[in-house]
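In what follows, a single structure is set out as structure tokens and then discussed.
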Amino acid sequence: MAGDVRVRVYRKGVRAMLNTTMIATAMVRAGEVIADRARATAPVETGVYRDSFEVWAQRGMGAKKDRTGAMVINTARHAAAVEYGTGDTPAHHTLWRAAVRRQ
48 MAGDVRVRVY RKGVRAMLNT TMIATAMVRA GEVIADRARA TAPVETGVYR
98 DSFEVWAQRG MGAKKDRTGA MVINTARHAA AVEYGTGDTP AHHTLWRAAV
148 RRQ
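Quick note on numbering: the sequence shown equals residues 48 to 150 in our numbering.
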């Protein structure tokens, strides 16, 4: 039939593309959006938690560990207690909420 299109995926090429600087930059930009949302909604007592969000480009991500992605983390010593709560402190889920929020 005229108009049939066939596509052959060059997997090595796709894998190479997923590890380019261009993709890493895009992933970090997306991570910065999440980090900015988290900073904007973070509970503030001293400001350490709010000011400790970082975005890192990371190779070896994805189900097959074959692509570059980004990680948004909080380096404050008490970040886990703020995010997940403790027996005395309620969980705030700041980073989780920032990550799942739709624009």
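Quick reminder that beta carbons are idealized off the backbone N, C-alpha and C, glycines included. From a predicted model like this one, the values you see are computed outputs, not experimental measurements.
Among the options, the one whose alpha carbon lies nearest that of residue i
i, options, result
"Met-108", "Ala-123, Met-74, Asp-98, Val-147", "Met-74"
"Tyr-96", "Val-102, Gln-105, Ala-104, Arg-86", "Arg-86"
"Glu-101", "Arg-58, Met-64, Leu-142, Asp-51", "Leu-142"
"Asp-98", "Asp-113, Ile-120, Val-54", "Ile-120"
Exposure of residue i, with buried meaning 16 or more beta-carbon neighbours within 10 Å
i, result
"Val-147", "exposed"
"Thr-115", "buried"
"Glu-92", "exposed"
Residue i versus residue j: straight-line alpha-carbon distance, rounded
i, j, result
"Arg-124", "Arg-84", "20 Å"
"Ala-71", "Lys-111", "17 Å"
Beta-carbon proximity of residue i to residue j, cut-off 8 Å
i, j, result
"Ala-145", "Thr-88", "yes"
"Ala-63", "Ala-117", "no"
Tell me the start and end of each unbroken beta strand (DSSP E) in the segment 78-115 that is at least 3 residues and wholly inside, in chain order. 100-108
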